[in-house]
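In this note's numbering, the protein residues as written are 5 to 115.
This report refers to the structure that appears directly beneath it.
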């Protein structure tokens with residue numbers, strides 16, 4: 005089990021969700037978890053890090069606007085996320101559960 009901020013102090017229920025941090029989170033308390041604490045191959049850790057580092061490439065951060073092809077970029081980004089979810093599910097021990105939370109453009113459309 006992984007240490008987190010839940011009352012029990014540990015979790016087996018995980019989320020895969022990209023943000024400006026590692027993409028693995030506790031489902032209960034939403035604490036960001038360190039990928040190095042999971043029994044994952046170095047290859048998968050690298051893939052997850054690369055995927056997470058591409059988060060928000062559909063946003064012009066200087067102007068706080070979406071790029072013209074933002075919806076397509078998010079769709080492709082989420083396809084990679086689903087592929088990584090399958091890899092996570094195959095590498096993680098069966099006592100872990102993991103759910104993918106896809107990125108959306110809706111939260112940025114009002115920028």
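In this text, a Cβ means the ideal position worked out from N, Cα and C, and glycines have one as well.
**OP:** Give the secondary structure of residue 21 by DSSP, where H, G and I count as helix, E and B as strand, and everything else as coil.
**Re:** Locating residue 21 in the chain shown gives position 17, where the first residue counts as 1. Of the three classes helix, strand and coil, the one that applies to residue 21 here is coil, per DSSP.
Original post:
So, residue 16 versus residue 101, is the Cβ gap smaller than 8 Å?
Top reply: The residue you call residue 16 lines up with position 12 of the chain shown. The residue you call residue 101 lines up with position 97 of the chain shown. Yes, the Cβ-Cβ distance between residue 16 and residue 101 is below 8 Å.
**OP:** State the DSSP-derived secondary structure class of residue 42, mapped to helix, strand or coil.
**Re:** The count along the chain shown starts at 1 and reaches residue 42 at position 38. Three-state result, residue 42: coil.
Subject >> Own chain, CB closer than 6 Å to residue 74, minus 5 neighbours either side, in chain order >> reply: Locating residue 74 in the chain shown gives position 70, where the first residue counts as 1. Excluding positions up to five away in sequence, the list reads 62, 109.
Original post:
Over what stretch of residues does the beta strand (DSSP E) that includes residue 101 continue unbroken?
Top reply: The count along the chain shown starts at 1 and reaches residue 101 at position 97. That run of the beta strand (DSSP E) goes 101-104.
Subject >> C-alpha distance - residue 98 paired with residue 43, whole-angstrom precision >> reply: Here residue 98 corresponds to residue number 94 of the chain shown, with the count starting at 1. Here residue 43 corresponds to residue number 39 of the chain shown, with the count starting at 1. Their Cα atoms are separated by approximately 12 Å.
Subject >> Cα-Cα separation between residue 52 and residue 104, rounded to whole angstroms >> reply: Taking the first residue of the chain shown as 1, we reach residue 52 at position 48. Taking the first residue of the chain shown as 1, we reach residue 104 at position 100. Going by the C-alpha atoms only, they are around 13 Å apart.
Original post:
My guess is that residue 107 and residue 81 are in contact by the Cβ rule of under 8 Å, so how many angstroms apart are they, rounded?
Top reply: Residue 107 sits at position 103 when you count from the first residue of the chain shown. Residue 81 sits at position 77 when you count from the first residue of the chain shown. The pair is a contact, with the Cβ atoms about 6 Å apart (cut-off 8 Å).
Original post:
With distances taken from CA atoms, which of 22, 8, 46 is nearest residue 32?
Top reply: Numbered from 1 along the chain shown, position 28 holds the residue referred to as residue 32. If we check each option's Cα against that of residue 32, 8 comes out closest.
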